[in-house]
Every structure is written in structure tokens, then in C-alpha cells.
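Chains R and Z, in that order, are what the protein sequence lines are.
Those letters in the first sequence? Residues 1 to 88, by our numbering.
Those letters in the second sequence? Residues 1 to 88, by our numbering.
Accompanying notes for the structure given below.
2 protein chains.
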Amino acid sequence: MAGIEEAMKILRKPFDKYAKKDGDKKTLSKRAFSSLLKAELPELAGDNKQLNHMFKEFDEDGDGTISFSEYLQQISELMVLMGFFEDL
Amino acid sequence: MAGIEEAMKILRKPFDKYAKKDGDKKTLSKRAFSSLLKAELPELAGDNKQLNHMFKEFDEDGDGTISFSEYLQQISELMVLMGFFEDL
Chain R
1 MAGIEEAMKI
11 LRKPFDKYAK
21 KDGDKKTLSK
31 RAFSSLLKAE
41 LPELAGDNKQ
51 LNHMFKEFDE
61 DGDGTISFSE
71 YLQQISELMV
81 LMGFFEDL
Chain Z
1 MAGIEEAMKI
11 LRKPFDKYAK
21 KDGDKKTLSK
31 RAFSSLLKAE
41 LPELAGDNKQ
51 LNHMFKEFDE
61 DGDGTISFSE
71 YLQQISELMV
81 LMGFFEDL
């Protein structure tokens, strides 16, 4: 399977894992979002204040949950901003 | 390595492979972009007219090339719009 499709499936896994934990199984609640970040990207998780801020940034349409599309867009942007790709 | 970081590295590979082919090694020219799509996501490549349109969409700042950040953002959005994740 092509790299890009494989990468997208890998990105989907943690989203689905944590989305299933509470509320609508297709979106991340704030609690699920925090758990995902702490487990998957601990260096980005920070304290509750930072998590709250990040949740608001991710939740582009302000509906109180994070959709997969919002997650995908924001995680990508976040990793570019955090210089994740600088040394690749 | 965590899934998300691994996925981002996988996403970076085709970008670097085609960016190196011509012009600035850190961005995709239109020709490199077309080659990448045809190889990685043939179902999205379409004809030249569609490729031209997609290139303009990806090239958010209109500088005539596609940066990694533009590529990451647009590929994600494109795959969501094309329903890639519907049956996952």
C-alpha cells in the first residue's frame, strides 16, 4: 500500500482508540483528546491550561468535540510548528 | 516510536523524494507535485487540467511551489474530502 495511505491509516488508529472511550465514537471529547496527547505526543501535552488551549485550537468549529478532520489538520500543523520535521 | 510520529515520517518520505527532483529541494514544483500524485495517489491524480487545479489549491501562498506544510495540510484535507476514511 502506498506510503501516504498507510500513514493516514496509522494516524487514524490513535484517533479511533481514544474517540471510542467516551461520548460520540467519531469525535474526541476534551478528556479523550488529553489522553491521546499524553500517550502519543507527551512532549506536546503540557499542563491542563495548555491542554485546554490546544483543545480550543483543535476544535475549529467550536462544537466542543474534535472531529477526525480537525485532528488531522491540527496535528499536522502542530508538528510543523514544533519543528518536528526540521531534522528529518 | 509513537504512531503519529511514525506516520508523519512516512508522509515526509514521498515529499522529500519528489522535492529533490527539481528546483528548491525543500519544495515541490508543479512537475514534482504531479509525479508524486501519479505515483502515490493515482486515483486522485486525474488529467492535467485537474492537476493544475489541485496544484493551485495546494499552493496556498501562491508562490508557485508547494511547501511541506502546504502538502501536509492539503493531503489530509483531500483524503478526508475524498472519503478515504469512511470505511476505516
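Glycine included, every Cβ here is placed at the ideal spot set by N, Cα and C.
As the structure is a computational prediction, the values presented were derived from the model and not from experiment.
Could you tell me whether the Cβ of residue 73 (chain Z) comes closer than 9 Å to any Cβ of chain R?
yes
Per DSSP, which residues does residue 66 (chain R) bridge with? Please list them.
In the DSSP assignment, residue 66 (chain R) is bridged to R:28.
What residue range is occupied by the uninterrupted alpha helix (DSSP H) comprising residue 100 (chain R)?
Outside the displayed range of chain R (1 to 88) lies residue 100 (chain R), so it cannot be described from this structure.
Is the region 41 to 57 of chain R touching the region 27 to 44 of chain Z, taking contact as three or more C-beta pairs under 8 Å?
no
Between residue 57 (chain R) and residue 73 (chain R), how many whole angstroms is the CB-CB distance? I'm expecting something under 8 Å.
So it is not a contact: roughly 10 Å between Cβ atoms.
Name the chain R residues that come within less than 8 Å of residue 85 (chain Z), Cβ to Cβ?
8, 12, 68
Just to make sure I have the definition right: I need the residues of chain Z whose C-beta is within less than 9 Å of the C-beta of residue 54 (chain R). Which are they?
Residue 54 (chain R) does not reach chain Z, its nearest Cβ partner there being about 14 Å away, counting only Cβ pairs nearer than 9 Å.
Chain Z partners of residue 77 (chain R), CB-CB under 9 Å?
69, 72, 73
Nearest-angstrom Cα distance between residue 82 (chain R) and residue 52 (chain Z)?
31 Å
Considering just the uninterrupted stretch of the alpha helix (DSSP H) at residue 44 (chain Z), what are its terminal residues?
42 to 45
To the nearest angstrom, how far is it from the Cα of residue 3 (chain Z) to the Cα of residue 14 (chain R)?
7 Å
Is DSSP giving residue 82 (chain Z) helix, strand or coil here?
coil
Would you kindly check if the distance between the Cβ of residue 18 (chain Z) and the Cβ of residue 28 (chain Z) is under 9 Å?
yes
Return yes when the Cβ of residue 76 (chain Z) is within less than 9 Å of the Cβ of residue 76 (chain R), no when it is not.
Their beta carbons are under 9 Å apart, which means residue 76 (chain R) touches residue 76 (chain Z) by this criterion.
Quick check: is the beta carbon of residue 41 (chain Z) nearer than 9 Å to any beta carbon in chain R?
yes
Under 9 Å between beta-carbons, which chain Z residues line up against residue 62 (chain R)? List them in chain order, please.
Neighbours of residue 62 (chain R) on chain Z: none; closest Cβ ~19 Å, over 9 Å.
Roughly how many whole angstroms lie between the Cα atoms of residue 44 (chain R) and residue 9 (chain R)?
The C-alpha of residue 9 (chain R) is placed about 22 Å away from the C-alpha of residue 44 (chain R).
Under 8 Å Cβ-Cβ, which residues of chain R neighbour residue 3 (chain Z)?
In chain order: 10, 11, 13, 14, 40.
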